[in-house]
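Chains as they are written, first to last, in the working numbering: chain F, 1474 to 1732; chain C, 43 to 80. By construction, the Cβ of each residue, glycine as well, lies at the ideal position given by its N, Cα and C atoms. The model shown is predicted, which means the values in this text are computed figures rather than measured ones.
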Amino acid sequence: VPAAPPTPLGCDDPESEAAAEAAVNYINGHSHHGYKFAFNRIEDIRVVPQGPSKDIIFLELDLLETTCHILSPTPLANCTVRSFTEHAVEGDCDVKLQRVDGTLSVLASKCHSHADSSEDIIKVCPECPLLASLNNTEVLEAVSAALNDYNSKTTDSYLRLLEIGRAKIQYHPAHVVVIEFAVGATNCSAEDAKADVKACQLLPKHQSNFGFCTAVMVKSPSQDLKVDCQLYGHQVPAPYIPLLSRPGVTYPYPGQDTS
Amino acid sequence: PVTKRAVAEAAQHDKVPRPVGFVPPPPPCPGKIRYFDI
């Protein structure tokens, strides 16, 4: 009598969650821009047996952006998921994994992220500022002013912009631009930079100090600019410890991304 | 001769009697939402 087909995995089964966790760690480990994403929901899962103790798993995942930039050494478990009223960003990911004798490895992943619709935010919070486009002129001017302000006051290394993470603009009752951007330390002190800023280059990746800045620029009714930059210190890759390691499921080094 | 039973009648016969208090299992997917859905 042919063996009964394996009961399909449910999206909340422990094995499904273990696969989702391996997928989220892989996605965050292989992303170089933006923010870390947290696991919000398994939309669907499909297991294709490949033989004894060998399966291919297809996952459809729903992720949510956290407040940790991707370069931050903060463990994902300590990263706060951006709230709905902060104008949340969702990630939809299709991931293909292999499971051999209980060991999961990611074969391919493809993600698409999108901000929540402005209508949804305004419905819940009419006065909440909304995300602005990263190439908005006001945003670019605010980032430039904030970085120049920080470099003019620091006694540490001169910082250069790596990327703008997110920006929000509020027009009423005050005109305020709130920005977040990633920075990299250069081979100059801020003092040297005053003499010849062109000579200040980002430190090679393996040495450089990355950092993250937030700034609030009030444009009216009064003018004000507050900048806060935190350098992460030398990037020593933290040892990988599964967030919720489960017996019998281990995570090898990340698989080759064949997406 | 094969007679086609009325669907209602067939459905009536095919309906498996549910034990009192039977709660159908939750659909396997999509899974639970951990934070919020947008």
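*Please decide whether residue 63 of chain C counts as near chain F, where near means a Cβ-Cβ distance under 8 Å.*
no
*asked:* For a minimum of 3 consecutive residues, which ranges assigned as the beta strand (DSSP E) are wholly contained in the stretch 1655-1705 of chain F?
replied: 1682-1693
*Identify which residue in F/1579, F/1524, F/1505 and F/1519 has its Cα closest to the Cα of residue 1543 of chain F.*
F/1505
*asked:* With three or more C-beta pairs closer than 8 Å as the rule, is the stretch 1599-1610 of chain F touching the stretch 1620-1630 of chain F?
replied: no
*Between the C-alpha atoms of residue 1676 of chain F and residue 1663 of chain F, what's the straight-line distance to the nearest angstrom?*
14 Å
*State yes or no: is the C-beta of residue 1701 of chain F within less than 8 Å of the C-beta of residue 1686 of chain F?*
yes
*Just the chain C side, please: which residues come within less than 7 Å of residue 1561 of chain F by C-beta, in chain order?*
80
*Could you tell me whether the Cβ of residue 59 of chain C comes closer than 8 Å to any Cβ of chain F?*
no
*Would you call the CB atoms of residue 1509 of chain F and residue 1534 of chain F closer than 8 Å?*
no
*Counting only beta-carbon atoms, is residue 66 of chain C nearer than 8 Å to chain F?*
no
*Is the stretch 1664-1675 of chain F in contact with the stretch 1601-1615 of chain F, if contact means three or more CB pairs nearer than 8 Å?*
no
*Could you check the C-alpha separation between residue 1626 of chain F and residue 1521 of chain F for me, to the nearest Å?*
59 Å
_CB contact check: residue 1513 of chain F to chain C, cutoff 8 Å_ = yes
*Cβ neighbours of residue 1551 of chain F in the same chain (closer than 6 Å, five flanking residues each side left out)*: none
*Own chain partners of residue 71 of chain C with C-beta closer than 6 Å, once the 5 adjacent residues on each side are dropped*: none
*Mind checking if residue 1557 of chain F is an interface residue toward chain C, Cβ cutoff 8 Å exclusive?*
yes
*asked:* Going by DSSP in three states, residue 1558 of chain F sits in which element: helix, strand or coil?
replied: helix
*Hey, how far is the Cα of residue 1639 of chain F from the Cα of residue 1649 of chain F?*
14 Å
*Within 10 angstroms of the Cβ of residue 1658 of chain F, are there 16 or more other Cβ atoms? Answer buried if so, exposed if not.*
buried
*Just the Cα atoms here: how many angstroms apart are residue 1467 of chain F and residue 1495 of chain F?*
In the structure as shown, chain F begins at 1474 and stops at 1732. Residue 1467 of chain F is therefore absent and cannot be evaluated.
*Under 8 Å between the Cβ atoms of residue 1579 of chain F and residue 1499 of chain F?*
yes
*Quick one, are the C-beta atoms of residue 1652 of chain F and residue 1616 of chain F less than 8 Å apart?*
yes
*Report the rounded CA-to-CA distance for residue 1708 of chain F versus residue 1492 of chain F, giving the unit in angstroms.*
Here the model assigns residue 1708 of chain F a pLDDT of 44, short of 50, so the residue's position is not dependable, and the following value carries that caveat. Computed Cα separation, rounded: 28 Å.
*Rounded to whole angstroms, what's the CA-CA distance from residue 1489 of chain F to residue 1669 of chain F? Just pull it up for me.*
55 Å
*Taking C-beta pairs closer than 7 Å, name the residues in chain C that residue 1620 of chain F reaches, listed in chain order.*
The premise fails here: residue 1620 of chain F is roughly 31 Å from chain C at the closest Cβ pair, so nothing lies under 7 Å.
*Candidates F/1541, F/1532, F/1545 and F/1518: closest to residue 1706 of chain F by CA position*: F/1545
*asked:* Short of 8 Å in beta carbon distance, which residues of its chain neighbour residue 1537 of chain F, apart from the five on each side in sequence? Order them along the chain.
replied: 1510, 1511, 1513, 1554, 1555, 1561, 1562, 1563 and 1564
*Would you say residue 1717 of chain F reaches chain C, if we count a Cβ-Cβ gap shorter than 8 Å as a contact?*
Interpretation of residue 1717 of chain F is limited by its pLDDT of 34, a score under 50 that renders its predicted location unreliable; no figure is taken from the coordinates.
*Going along the chain, which residues of its own chain have a beta-carbon closer than 6 Å to the beta-carbon of residue 1558 of chain F, five neighbours each way excluded?*
1598 and 1601
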